[in-house]
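Colleague: Below is the structure I would like to discuss, written out as structure tokens.
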Amino acid sequence: MPMTSRRVLMLAPLGVAAAGGLGFYAMLRGLGTGEYDPHGVPSALVGRTPPEFSLPPLVPSGLPLLASADLQNLEGPVLVNFWASWCVPCVVEHPQLMRLKREGVAVYGVNYKDKPEAAMAFLARHGNPFQRLGRDEPGRVAIDWGVYGVPETYFVDRKGVIRWRWAGPITPEVLEQDVRALLRHYA
Amino acid sequence: MIGEFGHFALALALALALAQTVLPILGAARNEPRLMAAAAPLAFGHLLAVGAAFLALITAFVVNDTSVITVVQNSHSAKPLLFKVAGAWGNHEGSMLLWVMILALCGGAVAAFGRALPGALRARVLGVLGLVAVGFLVFILATSNPFGRVWPPAPDGQGLNPVLQDPGLAFHPPMLYLGYVGYAVTFAFAVAALIEGRVDAAWGRWVRPWALGSWCFLTLGITLGSYWAYYELGWGGYWFWDPVENASLLPWLAGTALLHSAVVVEKREALKVWSVLLALLAFGFSLLGTFLVRSGVLNSVHAFANDPARGVFILGLLLFYVGGSFALFAWRAPSMAPTGMFAPLSREGGLVLNNLLLCSMAAVVLSGTLWPMFADLLFQQKISVGPPFFNTALLPLAVPLILAMAAGALLPWKRARLWPVLQRLWWAALIAAGGVALVLAFAGWRIGPAFGIGGGLWLVCGALADLADRIGLFRRPAAAWGRALGLPRAAWGGALAHAGLGVSVLGIAGMGLASDRLAAVQPGQSLSLAGYEWRLDKVADAIGPNWTARRATVTVLRNGDLVTVMTPERRFFPVGRTTTTEAAIHTTFLADLYAVMGEEQNGAAVLRLHYNPLASWIWFGGGIMALGGALSLTDRRIRVAAPAPRGAAKAAA
Chain H
5 MPMTSRRVLM LAPLGVAAAG GLGFYAMLRG LGTGEYDPHG VPSALVGRTP PEFSLPPLVP
65 SGLPLLASAD LQNLEGPVLV NFWASWCVPC VVEHPQLMRL KREGVAVYGV NYKDKPEAAM
125 AFLARHGNPF QRLGRDEPGR VAIDWGVYGV PETYFVDRKG VIRWRWAGPI TPEVLEQDVR
185 ALLRHYA
Chain V
527 MIGEFGHFAL ALALALALAQ TVLPILGAAR NEPRLMAAAA PLAFGHLLAV GAAFLALITA
587 FVVNDTSVIT VVQNSHSAKP LLFKVAGAWG NHEGSMLLWV MILALCGGAV AAFGRALPGA
647 LRARVLGVLG LVAVGFLVFI LATSNPFGRV WPPAPDGQGL NPVLQDPGLA FHPPMLYLGY
707 VGYAVTFAFA VAALIEGRVD AAWGRWVRPW ALGSWCFLTL GITLGSYWAY YELGWGGYWF
767 WDPVENASLL PWLAGTALLH SAVVVEKREA LKVWSVLLAL LAFGFSLLGT FLVRSGVLNS
827 VHAFANDPAR GVFILGLLLF YVGGSFALFA WRAPSMAPTG MFAPLSREGG LVLNNLLLCS
887 MAAVVLSGTL WPMFADLLFQ QKISVGPPFF NTALLPLAVP LILAMAAGAL LPWKRARLWP
947 VLQRLWWAAL IAAGGVALVL AFAGWRIGPA FGIGGGLWLV CGALADLADR IGLFRRPAAA
1007 WGRALGLPRA AWGGALAHAG LGVSVLGIAG MGLASDRLAA VQPGQSLSLA GYEWRLDKVA
1067 DAIGPNWTAR RATVTVLRNG DLVTVMTPER RFFPVGRTTT TEAAIHTTFL ADLYAVMGEE
1127 QNGAAVLRLH YNPLASWIWF GGGIMALGGA LSLTDRRIRV AAPAPRGAAK AAA
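Residue numbers (our numbering), protein chains in the order written: chain H, 5 to 191; chain V, 527 to 1179.
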């Protein structure tokens, strides 16, 4: 190999590291200004009604199915939670969903890309926080909603308009700071 | 008082680390022996100061000193002692302190065991280690002081996430950190070599023990983490391709490659520049993991509470160390003698293949982990990269790696022919094929697990064939025992580590054949699964130190004989108002019986039962791999470094 191309090759790691560093710096800047946020992703759906859909129920759970008609003319605000049994952060967020259920908040679940037995096992092990539960095994409805990963949660007000989206687990902090404020505001 | 003492000790450590950076490197540049000789005492002093700070933090947690913020946020008086101690490093501030503690230990070990190193190299290595410590000590003191005060003291702590209150997790971070930070030493060796502009066989021999030691701890740490996921989060899963898990896998892959390429440097004085780059990469990946976990740029269960200011600081450190070392590499490496060509079919050729495959795997894991973040940043696109991507992309790399692993160890140096090697492996191939056939015959048409079993058997038998060949078991059986005793421990260690990976592969394949069952059961009723009868005897209350629980008693019978009694629980932690489930696991040689208790309704309890064939082999294999590494560390070639007098102790941590 000629000396110059060898020299260029040896510069490659530095170039990659510099590009990566610039990207990371942009992410951190974005975190500060809110432009980059791995959790609360501004959704195109915020301020609009959810897309038309109808999902089959998770039969052994005995819970009613979930369709877009169930998100109109509501008695109170509703959380729509996309989850899966294979998702580790879902375990972390689960106690908060159970707490919301105890407090009487309606939580509707969408079981995303999951096997029915695995989903049932998850609910049996950790408890069932959902009033309604639809099964989205192919993940089509999740695409319409713009879900980019589980867990992800949408806040729907009583008129059926999506007001908030959270990509990531609902930690106790998110519950106290964001969800409670939304529940008070749209009560 | 404890807090102020710890804080002061940290500041002192920073001063000593600064001195440890400047004096020896200056001394090595000017060739002044007195300045270079200051390196070791300064490293010991640095270790003492960091050790004092670390002990101070542990003491604050043990006595539950609620005037220290970290204690208030992460501990509670009702926590068992083990978790109070482990709680000291279960949070951001404390874990950073653990990080610099281990770094100081490594520096102390280099100072103590590195007497045989050439003076300038030793001074430079200790100087670079000091420089790494300076960055992180400044980070701790400026943004993450673990000894911050709160006044008036809180009445009690706010507890720890009960999911994290677990012995496995108590030992998991120290193991991982020993691995991560151990690579700081190989990094320091690489930087020192770049400064000197010289890499030779002796360099390979000094780097290898550190690469090996770090690799052992990292292997153990990853194994423990995976086992924790299995029994704590478990619905049979043991690896989730979570970004934080990937962050630990990356240095492991680079470190494994380094381990193998350092042998080539040592034996053949080839792959020198490449090995230096791998040493820089292994530590760079460790730092990248630290950045990803703590800056908040990604989304994971394991992530610490984070704030962007800290993120910018860690990014600065990352760029300083990684960017600085890569710049040094770009400047100095081209002048190092280009490595000679060698035959593709030879031991060193096999090791190059190993490096190529391992680095490709690292590239896959790295891009799968970072791509969602960069896609979000550059194209405002939200995508998720999950297990399907990693499994599909890594399988085509893992298959040739496993196939070549058994043969590679049998290849001689310099020039080899494939046919004699394959002749020595025919029985391993036969056993592997037999394994595939047996699984297909008895477990149905399950291609993945069948070939997994085949691959695992191939690795284990390949390692045995390697040993049998080296001791001449089949050629001259009478002399075999004597030759076995005379075989270098590195050969035993290498074969053991390869066999360990085979055992892990067998376990992973066995888990592919797992079965499970879910049902609501009344006390007295039984379920049958995998030839066992599982009888729910009763569900009763139980009380622990900081939780109350509902505990099921499940008796497992086989053909009417008692196998075991299992007690899965659902625990309620009043302080955090959370519930966790504790799976009951009965491990036997061939399979795990795994029982989980769900909710209770109308007197019936929901039970989920798993039968996981060969499950424990996954982690058992990890242990064997680490043991193989440790055995290799005791090899005479490593204990007695090249220029050292015979018998000089040079075992590395």
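Beta carbons: idealized from backbone N, C-alpha and C, even for Gly.
(1) Starting from H:F159, trace the beta strand (DSSP E) in both directions and tell me its first and last residue.
(2) Could you tell me whether the Cβ atoms of V:L993 and V:A930 are closer together than 9 Å?
(3) Check whether chain H comes within 9 Å of V:R1134, counting only Cβ atoms and requiring the distance to be less than that.
(4) Does chain H have any CB closer than 9 Å to the CB of V:V1122?
(5) Using a Cβ-Cβ cut-off of 6 Å (strictly less than) and excluding sequence neighbours within five positions of V:G980, which residues of its own chain qualify?
(6) When the Cα atoms are used, what is the spatial distance from V:A545 to V:L663?
(7) Should V:S670 and V:R836 be called a contact, given that it needs their Cβ atoms to be closer than 9 Å?
(8) Roughly how many angstroms lie between the CA atoms of V:L803 and V:G842, to the nearest whole one?
(9) Thinking V:W754 and V:D692 are a contact (beta carbons under 8 Å), I'd like their distance in whole angstroms, please.
(10) Taking only runs of the alpha helix (DSSP H) that begin and end inside the region 956-996 of chain V, which ones reach a length of at least 4 residues, in chain order?
(11) Confirm, please, whether the CB-CB distance from H:F134 to H:L67 is below 9 Å.
(12) Flag this pair as touching only if the region 737-751 of chain V and the region 778-790 of chain V have three or more C-beta atom pairs under 8 Å; answer yes or no.
(13) How long is the line joining the alpha carbons of V:G553 and V:P559, rounded to whole angstroms?
(14) Whole angstroms is fine: what's the gap from V:A727's alpha carbon to V:W736's?
(15) Is it true that the CB of V:E722 sits closer than 9 Å to the CB of V:L797?
(16) So, are the CB atoms of V:H698 and V:G751 less than 9 Å apart?
(17) By Cβ distance below 8 Å, which residues in the same chain neighbour V:G1070 in space, the five residues on each side in sequence not counted?
(18) Let me make sure I understand the geometry here. Which of V:A924, V:F1000, V:A563 has the alpha-carbon closest to that of V:G1028?
(19) Verify the CB distance criterion: does H:R10 have a CB-CB separation below 9 Å to chain V?
(20) Mind listing which residues of the region 13-30 of chain H have their C-beta closer than 9 Å to chain V's C-betas, in chain order?
(21) Shortest alpha-carbon distance to H:Y116 belongs to which of H:V183, H:G138, H:V95, H:R184?
(22) Using 10 angstroms around the beta-carbon of H:T175, count the other beta-carbons present and answer buried if the total reaches 16, otherwise exposed.
(23) Determine the burial state of H:E177: buried for a count of at least 16 other Cβ atoms within 10 Å of its Cβ, exposed for fewer.
(24) Take the Cβ of V:T1074 as the centre, count every other Cβ of all protein chains shown within 10 Å, and call the residue buried at 16 or more, exposed below.
(25) Which of the three DSSP states is assigned to V:V827 in this structure?
(26) At what residue ranges does the region 638-717 of chain V contain a whole run of the alpha helix (DSSP H), taking only runs of 4 or more?
(27) Going by CA-CA distance only, name the one from H:M124, H:E107, H:E180, H:N77 that's closest to H:K163.
(28) Is it true that the CB of V:L813 sits closer than 9 Å to the CB of V:L785?
(29) How would you list, in chain order, the residues of chain V whose beta-carbon sits under 7 Å from the beta-carbon of H:G131?
(30) Under 9 Å, do V:W1145 and V:Y706 count as touching if we go by C-beta distance?
(31) Rounded to whole angstroms, what's the CA-CA distance from H:P120 to V:A889? Just pull it up for me.
(32) Taking the alpha-carbon of V:A1068 as reference, which of V:I997, V:R1077, V:I666, V:A564 has the nearest alpha-carbon?
(33) List the endpoints of the continuous alpha helix (DSSP H) containing V:P1014.
(34) Taking the C-alpha atoms as reference points, what is the distance between V:A1021 and V:W1143?
(35) Does any C-beta atom of chain V lie closer than 9 Å to the C-beta of H:G164?
(36) At which residues does the alpha helix (DSSP H) containing V:W732 begin and terminate?
Modeller: If we stick to the structure as given:
(1) To locate residue 159 of chain H, count along the first sequence from 1; it is residue 155. Where H:F159 is concerned, the enclosing beta strand (DSSP E) stretches over 156-160.
(2) Here residue 993 of chain V corresponds to residue number 467 of the second sequence, with the count starting at 1. Here residue 930 of chain V corresponds to residue number 404 of the second sequence, with the count starting at 1. No.
(3) One-based indexing of the second sequence puts residue 1134 of chain V at position 608. Yes - at least one Cβ of chain H is within 9 Å of the one on V:R1134.
(4) In the second sequence, residue 1122 of chain V corresponds to position 596, counting from 1. Yes, because at least one Cβ of chain H sits closer than 9 Å to the Cβ of V:V1122.
(5) Translated into the one-based positions of the second sequence, residue 980 of chain V becomes position 454. Taken in chain order, the residues that qualify are A958, G961, V962.
(6) As a position in the second sequence, residue 545 of chain V is number 19, starting the count at 1. As a position in the second sequence, residue 663 of chain V is number 137, starting the count at 1. Between V:A545 and V:L663, the C-alpha separation is close to 13 Å.
(7) Working through the second sequence from its first residue, we reach residue 670 of chain V at position 144. Working through the second sequence from its first residue, we reach residue 836 of chain V at position 310. Cβ atoms of V:S670 and V:R836: closer than 9 Å.
(8) As a working mapping, residue 803 of chain V is identified with position 277 in the second sequence. As a working mapping, residue 842 of chain V is identified with position 316 in the second sequence. One C-alpha to the other measures close to 21 Å.
(9) Here residue 754 of chain V refers to the residue found at position 228 of the second sequence. Here residue 692 of chain V refers to the residue found at position 166 of the second sequence. Going by Cβ atoms, the distance from V:W754 to V:D692 rounds to 7 Å, so yes, they are a contact pair.
(10) 973-996
(11) For the purposes of this step, residue 67 of chain H is taken as residue 63 along the first sequence, with counting starting at 1. For the purposes of this step, residue 134 of chain H is taken as residue 130 along the first sequence, with counting starting at 1. The answer is yes: Cβ separation under 9 Å.
(12) yes
(13) Reading the second sequence from its first residue, position 27 is the one you call residue 553 of chain V. Reading the second sequence from its first residue, position 33 is the one you call residue 559 of chain V. V:G553 and V:P559: Cα-Cα distance of roughly 7 Å.
(14) For the purposes of this step, residue 727 of chain V is taken as the residue at position 201 of the second sequence. For the purposes of this step, residue 736 of chain V is taken as the residue at position 210 of the second sequence. Approximately 15 Å between the Cα atoms of the pair.
(15) Sequence index remark: in the second sequence, residue 797 of chain V carries index 271 (1-based). Sequence index remark: in the second sequence, residue 722 of chain V carries index 196 (1-based). No, they are not a contact pair.
(16) Along the second sequence, one-based indexing puts residue 698 of chain V at 172. Along the second sequence, one-based indexing puts residue 751 of chain V at 225. Against a cut-off of 9 Å, the Cβ pair of V:G751 and V:H698 comes out as a contact.
(17) Here residue 1070 of chain V refers to the residue found at position 544 of the second sequence. Around V:G1070: R1097.
(18) Your numbering for residue 1028 of chain V matches position 502 in the second sequence. Looking at the Cα atoms, V:A924 is the closest of the given residues.
(19) The residue given as residue 10 of chain H occupies position 6 in the first sequence. Closer than 9 Å: yes.
(20) L13, M14, L15, A16, P17, L18, G19, V20, A21, A22, G24, G25, G27, F28, Y29, A30
(21) Counting from one through the first sequence, the residue named residue 116 of chain H turns up at place 112. Of H:V183, H:G138, H:V95, H:R184, the residue nearest in Cα terms is H:G138.
(22) Taking the first residue of the first sequence as 1, we reach residue 175 of chain H at position 171. Buried: at least 16 other Cβ atoms inside 10 Å.
(23) In the first sequence, the residue the question calls residue 177 of chain H occupies position 173. Answer is exposed; the Cβ neighbour count stays below 16.
(24) Position 548 of the second sequence, counted from the first residue, corresponds to residue 1074 of chain V. The residue is exposed, with fewer than 16 neighbouring Cβ atoms inside 10 Å.
(25) For the purposes of this step, residue 827 of chain V is identified with residue 301 of the second sequence, where counting begins at 1. With a pLDDT of 49 at V:V827, under the threshold of 50, the modelled position of that residue is not reliable, and the figure given next carries that caveat. DSSP places V:V827 in coil when its eight states are reduced to three.
(26) 645-669
(27) Numbered from 1 along the first sequence, position 159 holds the residue referred to as residue 163 of chain H. Closest by alpha carbon: H:N77.
(28) As a first step, residue 785 of chain V must be located in the second sequence, where it is residue number 259. As a first step, residue 813 of chain V must be located in the second sequence, where it is residue number 287. No, they are not a contact pair.
(29) Your numbering for residue 131 of chain H matches position 127 in the first sequence. Here the neighbours are E1125.
(30) Taking the second sequence and counting its residues from 1, the one referred to as residue 1145 of chain V is at position 619. Taking the second sequence and counting its residues from 1, the one referred to as residue 706 of chain V is at position 180. Not closer than 9 Å, so no.
(31) By 1-based counting over the first sequence, the position of residue 120 of chain H is 116. By 1-based counting over the second sequence, the position of residue 889 of chain V is 363. Their backbone Cα atoms lie some 35 Å apart in a straight line.
(32) Here residue 1068 of chain V refers to the residue found at position 542 of the second sequence. Of the candidates V:I997, V:R1077, V:I666, V:A564, the one whose C-alpha sits nearest the C-alpha of V:A1068 is V:R1077.
(33) Residue numbering aside, residue 1014 of chain V sits at position 488 when the second sequence is read from its first letter. Taken as a continuous stretch (DSSP letters only), V:P1014 belongs to no alpha helix (DSSP H), as it is neither H nor E.
(34) The count along the second sequence starts at 1 and reaches residue 1021 of chain V at position 495. The count along the second sequence starts at 1 and reaches residue 1143 of chain V at position 617. Approximately 17 Å, taken between the alpha carbons.
(35) Locating residue 164 of chain H in the first sequence gives position 160, counting from the first residue. Chain V contact via Cβ: absent.
(36) On the second sequence, residue 732 of chain V is found 206 positions in, with the first residue counted as 1. Residues 727-758.
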